[in-house]
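Q: The structure follows.
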Ligand code: ADP
Ligand code: MG
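In the numbering used here, the protein residues as written are 5 to 346.
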């Protein structure tokens, strides 16, 4: 079969977006640059994330569609973590020649997740790679001027809160890799958390609208690492309560089947794409019920910001241990799939 040409593939992707651009996109795929019109009184926010085959995903258990979805989810999650709204996505892919046809499925994954959050695919790039698939998503977004929620805003005594439940993505990866004997329900739940995560944009928009939020980050590398960024950015430390961490029964079931500790999944598992935020004592408690009604998700207080510059974990019995940032680090850890072996 004749290999599919670059321009044919780009044309396929362009056609997939025809007639689907929102009002702020005056030029989408097809020219040298996309042209966007950000809103009045807004600041631009920009983020980029790259995923590499065998490091971030494995095509033996992820489809091209799911790879595109996850790459888009990671970038949308960064926009959520600033309290912003997405404007448009650029998708750059490098693929070996024999996989070039996969790019349209990959773009469909990006497009369909983008559709859920009003974020169109506005451009990208396509090149050949020698062996592995590389996927980069760059997102442009906007936030009310001066209102971006940074990692550096936490204050001493702030409560630490997280959305949703933790450890599901890592549990899903483990199910895909080693098929432990768990119920169909648990397997489906955690595998979906890994393969097709949903970034918390609507939740972040709700939270950013409360004037009480001091700092916000998304959980991409794992709570122990990402909370560490809030701590170092804010010149503080944190105390986490092990009993408070929201862990789903499905994650507990997977950990139990593998003879592992679900608490470690929640502390160090990456790519849950939940939000972690800090707010003054008492500010969020009255909103927990509303949050659940609106988003069908828990909002859970898991700890407190403290002066001593380290993260400590308070066990159910009351004993305290120091928590090191054991989330994923590219230049420290083995490839992504290896971290689940420890
Ligand atoms: P140039 O040579 O000017 O960089 P390209 O041929 O790379 O142009 O791209 C042509 C158009 O197609 C541009 O609008 C570009 O943003 C878009 N494009 C290229 N690759 C992709 C992709 N993987 N996904 C979405 N749009 C793409
Ligand atoms: Mg180009």
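All C-beta atoms, glycine included, are put in the ideal place defined by N, C-alpha and C. Please read all numbers here as calculations on a predicted model, not as lab measurements.
1) At a cut of 8 Å, does the region 273 to 283 reach the region 215 to 224 through at least three beta carbon pairs?
2) Would the beta-carbon of residue 36 be found less than 7 Å away from any heavy atom of the ligand ADP?
3) Under the rule that 16 or more other beta-carbon atoms within 10 Å means buried, what is residue 340, buried or exposed?
4) Under 7 Å from any heavy atom of the ligand ADP, does the C-beta of residue 23 make it?
5) On the DSSP bridge list, what partners appear for residue 11?
6) Output the distance between the C-alpha atoms of residue 306 and residue 22, rounded to the nearest integer angstrom.
7) In the DSSP assignment, what are the bridge partners of residue 132?
8) What are the start and end residues of each continuous alpha helix (DSSP H) run of 4 or more residues lying completely inside the region 21 to 94, in chain order?
9) Does the region 188 to 199 touch the region 293 to 304, meaning 3 or more C-beta pairs lie closer than 8 Å?
10) According to DSSP, which residues form a beta bridge with residue 108?
11) Using 10 angstroms around the beta-carbon of residue 214, count the other beta-carbons present and answer buried if the total reaches 16, otherwise exposed.
12) Flag this pair as touching only if the region 235 to 254 and the region 264 to 272 have three or more C-beta atom pairs under 8 Å; answer yes or no.
13) Taking a contact to mean a Cβ-Cβ separation below 8 Å, would you say residue 71 touches residue 105 in this structure?
14) Let me confirm a value: residue 134 is counted as buried when at least 16 other C-beta atoms fall within 10 Å, else exposed. Which label applies?
15) Does the distance between the C-beta of residue 129 and the nearest non-hydrogen atom of the ligand ADP fall short of 7 Å?
16) Express the C-alpha separation of residue 180 and residue 174 in angstroms, rounding to a whole number.
17) Since residue 301 and residue 122 are thought to touch, with beta carbons under 8 Å apart, how far apart are those beta carbons, to the nearest angstrom?
18) The ligand ADP and residue 111: does any heavy atom of the ligand fall closer than 7 Å to the residue's C-beta?
19) Please classify residue 131: is it buried, with 16 or more other beta-carbons within 10 angstroms of its beta-carbon, or exposed?
20) Classify residue 238 as buried or exposed, calling it buried when 16 or more other Cβ atoms lie within 10 Å of its own Cβ.
21) Quick check: what's the CA-CA separation for residue 343 versus residue 336?
22) Is it the case that the CB of residue 117 approaches a heavy atom of the ligand ADP more closely than 7 Å?
23) Could you check whether residue 103 and residue 125 sit closer than 8 Å to each other, using their CB atoms as the reference points?
24) Using the three-state DSSP reduction, which class does residue 251 fall into: helix, strand or coil?
A: From the atom records:
1) Touching, yes.
2) Short note on residue 36: C-beta closer than 7 Å to some heavy atom of the ligand ADP.
3) In this prediction, residue 340 has a pLDDT of 44, which is less than 50 and means its spatial position is unreliable; what the coordinates show is noted afterwards. Around the Cβ of residue 340, a 10 Å sphere holds 16 or more other Cβ atoms; the residue is buried.
4) Between the ligand ADP and the CB of residue 23, the shortest heavy atom gap is not smaller than 7 Å.
5) Note: residue 11 sits in no beta bridge, so no partner.
6) Roughly 45 Å separates the two Cα atoms.
7) 99
8) 68 to 84
9) no
10) The partner list for residue 108 (beta bridge, DSSP) is empty, contrary to what the question assumes.
11) exposed
12) By the C-beta criterion, the region 235 to 254 is judged to be in contact with the region 264 to 272, since at least 3 inter-stretch pairs fall below 8 Å.
13) no
14) exposed
15) yes
16) 10 Å
17) In fact, because the Cβ distance is near 20 Å, the residues do not count as touching under 8 Å.
18) yes
19) exposed
20) buried
21) Residue confidence is low: residue 343 scores 43 on pLDDT, short of 50, so the model does not pin down where it sits. No coordinate-derived value is stated.
22) Outside the cutoff, so no.
23) no
24) coil
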